[in-house]
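First comes the structure, then the notes that go with it.
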Amino acid sequence: MFSTRIKFIIDFLAFFLATIIGLWLRLDLNIYTVINRYQETLFWGTLVNSILGLFFIFYYQTYRQIWRYTSFREIIQLIKVVLLETAFFIAGMLLFFRGNFPRSVFLLMPIISFGIMLIPRFIIGYYSERSLSILKKDTKKALIVGAGDAGEKIYREINRHIELGYRVVGFVDDDARKINSHLHGIRVLGKIDKLPEIVKKKNIETVVVAIPSAGRKIIQKVYGLVSPLAIETLVMPGIYELIGKKISFDILRPFKMEDLLSRDPVFFDMQKVAANFSGKRILITGACGSIGSEISRQLAISGVELILLDNNETGIFDLNNELSNLTQVHPLVADIRYLGRLRNIVETYQPNLIFHAAAYKHVPLMEDNHEEAFLTNIVGTLNCIEAMGEKVEKFVAISTDKAVEPENMMGLSKKMAEILISSVAKSKLDSKMVVVRFGNVLGSRGNVLEVWKSQLQKSLPLTVTDPAMKRYFMTTQEAVTLVLEASLLGDNGGTYVLKMGELVPILDMAKEFCKIQGYDLGKDVQYEVTGIRSGEKIIEKLWEDDEKVSDTAHQKILKIVNNTDSLPWDDLVQFVRDLEMRILEGNPVQVKNEVINFLKRNSEI
45 MFSTRIKFII DFLAFFLATI IGLWLRLDLN IYTVINRYQE TLFWGTLVNS
95 ILGLFFIFYY QTYRQIWRYT SFREIIQLIK VVLLETAFFI AGMLLFFRGN
145 FPRSVFLLMP IISFGIMLIP RFIIGYYSER SLSILKKDTK KALIVGAGDA
195 GEKIYREINR HIELGYRVVG FVDDDARKIN SHLHGIRVLG KIDKLPEIVK
245 KKNIETVVVA IPSAGRKIIQ KVYGLVSPLA IETLVMPGIY ELIGKKISFD
295 ILRPFKMEDL LSRDPVFFDM QKVAANFSGK RILITGACGS IGSEISRQLA
345 ISGVELILLD NNETGIFDLN NELSNLTQVH PLVADIRYLG RLRNIVETYQ
395 PNLIFHAAAY KHVPLMEDNH EEAFLTNIVG TLNCIEAMGE KVEKFVAIST
445 DKAVEPENMM GLSKKMAEIL ISSVAKSKLD SKMVVVRFGN VLGSRGNVLE
495 VWKSQLQKSL PLTVTDPAMK RYFMTTQEAV TLVLEASLLG DNGGTYVLKM
545 GELVPILDMA KEFCKIQGYD LGKDVQYEVT GIRSGEKIIE KLWEDDEKVS
595 DTAHQKILKI VNNTDSLPWD DLVQFVRDLE MRILEGNPVQ VKNEVINFLK
645 RNSEI
């Protein structure tokens with residue numbers, strides 16, 4: 045490859061020779077006429093053009109381009125350099141040069157300069173491409189699903205990096221206008237339906253799915269076509285996962301359950317979110333949890349100052365290392381069960397917003413640890429509310445479908461947390477209090493997919509609670525994206541519900557999980573029905589029978605309309621603090637019964 049010095053000399057010669065060649069062409073290729081008749085014109089034209097050329101070459105650093113990767117962007121830059129230089133040259137010659145300068149040369153010079161700069165770039169690119177094609181004979185043949193922007197970027201990544209070991213031989217796309225057209229010389233071979241036929245005909249070894257904005261039905265369709273082929277399949281994550289990330293080969297991965305169960309993507313106005321949060325100090329409790337950490341990641345690219353709070357020391361350390369190069373981060377190891385510590389944090393950092401994501405979430409585990417669920421989910425929420433300073437504009441709490449008609453301690457504790465927020469919203473006029481409620485989150489720690497993965501690795505049967513059990517599912521990235529959108533809608537005291545799509549039967553989910561891993565549930569992998577555990581329901585609901593829902597400005601977010609009056613704040617605080625004291629003093633307390641009786645007395649359940 046040419047050195048930077050040689051590239052600079054070639055780009056300089058493009059301007060140095062432009063006047064000479066332009067006059068030569070203008071005067072019918074008569075070099076003697078150029079030298080004898082236009083000597084002064086040749087001298088000043090070459091001098092001025094060379095000086096201007098030097099300036100624009102240095103300013104735009106065209107000599108630093110990697111010639112074998114010359115693309116449309118680099119060509120546009122060359123055109124810009126040549127046109128700007130020519131404009132200044134013409135202005136200078138007309139204003140200051142009194143000689144006889146042929147006007148037609150003004151038109152020839154930029155064409156000559158551009159040609160001299162572009163031709164060696166194309167030659168280098170052509171021979172580099174030929175060399176790569178020879179080397180790529182031993183690479184895997186790849187087919188890209190999606191001939192849009194994402195597919196084009198992945199093609200360029202594969203084409204530039206031979207060490208990846210792939211060679212793109214075609215595209216497929218459902219846009220009929222693209223069929224038989226070419227992208228970087230590679231043909232769009234047909235629609236997605238033809239995928240199995242094309243794979244067989246072209247001996248494809250790898251399929252790359254590059255349609256991040258595709259809906260669930262399209263992803264399921266592609267998966268259904270690819271999975272029987274038993275070839276390597278790499279998938280670009282959906283748009284929610286791509287927030288803040290650059291499209292590259294590194295983000296490709298095998299199919300996951302999240303890809304098959306995620307909702308159809310909706311418009312996410314990242315600029316609007318960034319504009320609303322930019323410059324704010326935001327406190328996130330439970331920052332190391334699945335939801336808290338994703339909130340932190342999505343906010344980190346919005347120009348905010350993050351105050352990350354969690355009692356997980358290692359988690360805070362890792363999250364701080366991940367995000368500190370993106371924005372200002374304050375990593376705090378703290379427990380929301382300690383009111384004094386929370387007050388000190390709020391007074392010290394004075395957050396503008398609080399996202400309260402700290403909570404215990406495992407239903408069976410909390411059935412055996414009522415006190416811990418009460419102290420973290422209820423007392424912790426009360427502490428966060430009481431610690432709020434005057435500058436906190438909004439408090440956004442994460443809730444769950446388990447809070448709807450709760451039958452377990454985890455659900456009861458989240459129900460109480462919702463009631464606390466609803467009650468304080470009536471009296472706290474300076475701050476907006478918002479609750480966002482949603483169902484199960486795929487990809488969160490301890491979720492059913494992790495359990496099944498562990499069982500599969502140990503060659504154990506997959507445990508299915510009950511074949512009739514159904515759950516709502518949403519990916520972590522999607523849930524957090526909608527939480528941020530809901531926080532912008534937030535009326536004071538409002539409870540918002542994310543549209544979770546359709547209920548998914550757990551047994552069907554287990555079958556799909558095995559299919560993705562290359563197994564057939566019931567044949568290659570057995571499953572065991574364990575029965576409903578304490579506190580679990582067959583089907584979860586997103587709102588109660590006496591709650592009504594209304595649409596919001598966002599098509600994937602609903603608002604709960606509850607006609608019942610909220611409980612008096614003082615009564616709530618007294619109940620929570622009294623029970624907290626009894627627990628901490630070690631007195632025997634039937635926590636779950638106490639909470640149930642309190643809610644029944646106040647007609648909340």
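Straight run, no breaks: the sequence shown in my numbering ends on number 649.
Each residue gets a CB set at the ideal place from its N, CA and C atoms; glycine is no exception.
This structure is a prediction, so every number in the text was calculated from the model and none was measured.
Identify the continuous beta strand (DSSP E) that holds residue 482 and give its terminal residues.
-> Numbered from its first residue, the sequence shown carries residue 482 at position 438. Segment 476-482, the beta strand (DSSP E) holding residue 482.
Who are the Cβ neighbours of residue 595 in its own chain at under 7 Å, not counting the five residues just before and after it?
-> The count along the sequence shown starts at 1 and reaches residue 595 at position 551. Excluding sequence positions up to five before and after residue 595, its CB lies within less than 7 Å of the CB of 602, all in the same chain and listed in chain order.
Mind pulling the alpha helix (DSSP H) runs of 4 or more residues that sit fully within the stretch 615-646?
-> 635-645
Whose CA, out of 553, 155, 396, 189, lies closest to the CA of residue 266?
-> Sequence index remark: in the sequence shown, residue 266 carries index 222 (1-based). Considering only alpha carbons, the answer is 189.
Along the alpha helix (DSSP H) that carries residue 382, what are the first and last residues, could you check?
-> Along the sequence shown, one-based indexing puts residue 382 at 338. Segment: none, residue 382 is in no alpha helix (DSSP H) and carries neither H nor E.
Pick from 341, 347, 346 that is closest to residue 360, judged by C-alpha positions | One-based indexing of the sequence shown puts residue 360 at position 316. Residue 360 has its Cα closest to that of 341, out of 341, 347, 346.
Is it the case that the Cβ atoms of residue 252 and residue 278 are separated by a distance below 9 Å?
-> Taking the first residue of the sequence shown as 1, we reach residue 252 at position 208. Taking the first residue of the sequence shown as 1, we reach residue 278 at position 234. Their beta carbons are under 9 Å apart, which means residue 252 touches residue 278 by this criterion.
Whole-angstrom Cβ separation of residue 353 and residue 328, contact assumed at under 8 Å?
-> Taking the first residue of the sequence shown as position 1, residue 353 is located at position 309. Taking the first residue of the sequence shown as position 1, residue 328 is located at position 284. The pair is a contact, with the Cβ atoms about 7 Å apart (cut-off 8 Å).
Should residue 498 and residue 520 be called a contact, given that it needs their Cβ atoms to be closer than 9 Å?
-> In the sequence shown, the residue the question calls residue 498 occupies position 454. In the sequence shown, the residue the question calls residue 520 occupies position 476. Not a contact, by the Cβ cut-off of 9 Å.
Output yes or no for whether 9 Å exceeds the beta carbon distance between residue 455 and residue 407.
-> Here residue 455 refers to the residue found at position 411 of the sequence shown. Here residue 407 refers to the residue found at position 363 of the sequence shown. For residue 455 and residue 407, yes; Cβs fall inside 9 Å.
Does the distance from the C-beta atom of residue 562 to that of residue 478 stay below 9 Å?
-> Indexing the sequence shown from 1 puts residue 562 at position 518. Indexing the sequence shown from 1 puts residue 478 at position 434. Taking 9 Å as the Cβ cut-off, residue 562 and residue 478 do not qualify as a contacting pair.
Sorted by chain position, which residues of the same chain lie with C-beta nearer than 6 Å to residue 146's C-beta, five sequence neighbours on each side aside?
-> Here the question's residue 146 lines up with position 102 in the sequence shown. Hits under 6 Å: 70.
From which residue to which residue does the alpha helix (DSSP H) around residue 414 run?
-> Numbered from 1 along the sequence shown, position 370 holds the residue referred to as residue 414. Counting along the chain, residue 414 sits inside the alpha helix (DSSP H) bounded by residues 414-417.
Does DSSP put residue 583 in a helix, a strand or coil?
-> For this step, residue 583 is matched to residue 539 along the sequence shown. DSSP places residue 583 in strand when its eight states are reduced to three.
Residue burial classification, residue 642 (beta-carbon count within 10 angstroms, cutoff 16) = Here residue 642 is taken as the residue at index 598 of the sequence shown, counted from 1. Buried is the call here.
Unbroken beta strand (DSSP E) run spanning residue 507, endpoints = Counted from its first residue, the sequence shown places residue 507 at position 463. Membership of residue 507 in the beta strand (DSSP E) is indicated by the continuous run 506-508.
Report the residue from 223, 250, 199 whose alpha carbon sits nearest the alpha carbon of residue 233.
-> Position 189 of the sequence shown holds residue 233. That would be 223, whose Cα lies nearest to the Cα of residue 233.
Residue 514 in three-state terms, based on DSSP | The residue given as residue 514 occupies position 470 in the sequence shown. Looking at residue 514 - three-state DSSP - the assignment turns out to be strand.
Quick one: any contact between the stretch 554-561 and the stretch 417-436, if contact means 3 or more CB pairs under 8 Å?
-> no
Going by DSSP, which residues form a beta bridge with residue 528?
-> Stepping through the sequence shown from its first residue, residue 528 is reached at position 484. Paired residue(s): none; residue 528 is not in a bridge.
Express the C-alpha separation of residue 49 and residue 205 in angstroms, rounding to a whole number.
-> Sequence index remark: in the sequence shown, residue 205 carries index 161 (1-based). Sequence index remark: in the sequence shown, residue 49 carries index 5 (1-based). Distance between the alpha carbons of residue 205 and residue 49: 25 Å.
Where residue 442 and residue 622 are concerned, what is the direct C-alpha to C-alpha distance, given to the nearest angstrom?
-> By one-based count along the sequence shown, residue 442 stands at place 398. By one-based count along the sequence shown, residue 622 stands at place 578. Going by the C-alpha atoms only, they are around 25 Å apart.
DSSP state of residue 255, grouped into three classes?
-> The residue given as residue 255 occupies position 211 in the sequence shown. Residue state, collapsed to three classes: coil.
Is it the case that the Cβ atoms of residue 440 and residue 531 are separated by a distance below 9 Å?
-> Against the sequence shown, residue 440 aligns to sequence position 396. Against the sequence shown, residue 531 aligns to sequence position 487. In this structure, residue 531 lies closer than 9 Å to residue 440 by Cβ.
Throw me the rounded Cβ distance for the residue 411 and residue 452 pair, which I believe falls under 8 Å.
-> Here residue 411 refers to the residue found at position 367 of the sequence shown. Here residue 452 refers to the residue found at position 408 of the sequence shown. Between residue 452 and residue 411 the Cβ distance is about 6 Å, and since that is below 8 Å, they are a contact.
Look at the alpha carbon of residue 193 and the alpha carbon of residue 90, and state the distance between them as a whole number of angstroms.
-> Locating residue 193 in the sequence shown gives position 149, counting from the first residue. Locating residue 90 in the sequence shown gives position 46, counting from the first residue. Approximately 43 Å, taken between the alpha carbons.
Would residue 335 be called buried (16 or more neighbouring beta carbons within 10 Å of its own) or exposed?
-> As a position in the sequence shown, residue 335 is number 291, starting the count at 1. Counting Cβ neighbours within 10 Å, residue 335 comes out buried, since at least 16 surround it.
State yes or no: is the C-beta of residue 620 within less than 9 Å of the C-beta of residue 460?
-> Locating residue 620 in the sequence shown gives position 576, counting from the first residue. Locating residue 460 in the sequence shown gives position 416, counting from the first residue. Yes, these two residues count as a Cβ contact at 9 Å.
Residue 272 in three-state terms, based on DSSP = To locate residue 272, count along the sequence shown from 1; it is residue 228. If DSSP states are grouped into helix, strand and coil, residue 272 belongs with the helices.
Report the partner residues of residue 400 according to the DSSP bridge assignment.
-> Within the sequence shown, numbered from 1, the residue matching residue 400 stands at position 356. According to DSSP, residue 400 bridges with 329, 441.
Give the single residue among 496, 344, 590, 528 whose Cα lies nearest to the Cα of residue 21.
-> Absent from the structure is residue 21, since the part of the chain shown begins at 45 and ends at 649.
Where does the unbroken beta strand (DSSP E) through residue 592 begin, and where does it stop?
-> In the sequence shown, residue 592 corresponds to position 548, counting from 1. Element bounds for residue 592: 592-595.
How many angstroms separate the CA atom of residue 590 from the CA atom of residue 448?
-> For the purposes of this step, residue 590 is taken as the residue at position 546 of the sequence shown. For the purposes of this step, residue 448 is taken as the residue at position 404 of the sequence shown. Residue 590 and residue 448: Cα-Cα distance of roughly 11 Å.
Per DSSP, what kind of secondary structure is residue 436 in: helix, strand or coil?
-> What you label residue 436 is simply residue 392 of the sequence shown in a count that begins at 1. Coil at residue 436, not helix or strand.
From residue 320 to residue 387, what distance separates their C-alpha atoms?
-> Here residue 320 refers to the residue found at position 276 when the sequence shown is read from its first residue. Here residue 387 refers to the residue found at position 343 when the sequence shown is read from its first residue. Going from the Cα of residue 320 to the Cα of residue 387 covers about 25 Å.
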